[in-house]
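Q: Starting off with a structure, shown below.
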Amino acid sequence: MAIYEFEGNRPEISVSAYIHPTASIIGNVLIGDQCFIGPGAVIRADYGKVCLGSGCAIEDNCIIHSEPGSIVIMENDIIVGHGAIVHGPCLIKSNVIIGMGSIISTGCEIGSYGFLAAGSILLPGQHIPERTMAAGNPALPKKPLDEKLLYYSEKAPALYRELSGRYLKGLKLISP
37 MAIYEFEGNR PEISVSAYIH PTASIIGNVL IGDQCFIGPG AVIRADYGKV CLGSGCAIED
97 NCIIHSEPGS IVIMENDIIV GHGAIVHGPC LIKSNVIIGM GSIISTGCEI GSYGFLAAGS
157 ILLPGQHIPE RTMAAGNPAL PKKPLDEKLL YYSEKAPALY RELSGRYLKG LKLISP
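Take 37 as the starting number for the sequence shown in the numbering used here and just add one per residue.
Below is the structure:
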């Protein structure tokens, strides 16, 4: 895995977090317990800071970055789907699901149990209320989360918490 100190800022990564060998973690990054950082993910905190709470899953080829002097705050048990981009400053509250290929721009906030549908774009400064599904370009609130999506928002992060431990113990390179 590529973990870089940048201008004296060294990532702080929990020993129970899994970082894939092809992921890049740069600078002022904090990664909490049982996080899962997938292949090709880039978390770059050379200007601002990036803080991931416990149980966050940053799937394959995601990008997280923050503007100068700002911060990306991702609370606990958040899933960022494959290929999504999160650009801070922004606040993502607990148990949020960010769909594959979505883009979150500067100054955005997603409330707890928010759900951003795949391919959606949050324009600068947009806010998605808690327990709400948003979709589109620009993403707009569509409906309150139903019981099925609330259940998913609780169970899916638990699966990634477990997966981080499985990867720490069971991933083995068999061919360079």
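Every residue gets a Cβ at the ideal spot worked out from N, C-alpha and C, and that includes glycine.
Hey, P160 and G143: beta-carbon distance below 8 Å or not?
A: Yes, the pair counts as a contact, with Cβ atoms nearer than the cut-off.
Q: Exposed or buried, Y187, counting other C-beta atoms within 10 Å across all chains shown (16 or more means buried)?
A: So Y187 ends up on the exposed side.
Q: Please identify the residue among G117, A120, S102 whose C-alpha is closest to the C-alpha of L127.
A: Cα-wise, what sits closest to L127 is S102.
Q: Helix, strand or coil: which one does DSSP assign to K205?
A: If DSSP states are grouped into helix, strand and coil, K205 belongs with the helices.
Q: Residues in its own chain within less than 7 Å of I146 by CB, not counting five upstream and five downstream?
A: Excluding residues within five positions, the ones whose Cβ falls inside 7 Å are I128, K129, V132, L152, I164.
Q: Do you know whose CA, among R80, I61, G91, lies nearest S52's CA?
A: The shortest Cα separation from S52 among R80, I61, G91 belongs to G91.
Q: Applying the criterion that 16 or more other CB atoms from any shown protein chain within 10 Å of the CB defines a buried residue, is M169 buried or exposed?
A: Buried is the call here.
Q: Please go through the same chain and pick out, in chain order, the residues whose beta-carbon is closer than 6 Å to the beta-carbon of P57, but skip the five residues on each side of it.
A: Once the five neighbours on either side are set aside, the close Cβ partners of P57 are M37.
Q: Report yes or no: do three or more beta-carbon pairs, one from the stretch 187-203 and one from the stretch 70-81, lie closer than 8 Å?
A: Flag = yes, the stretch 187-203 and the stretch 70-81 touch.
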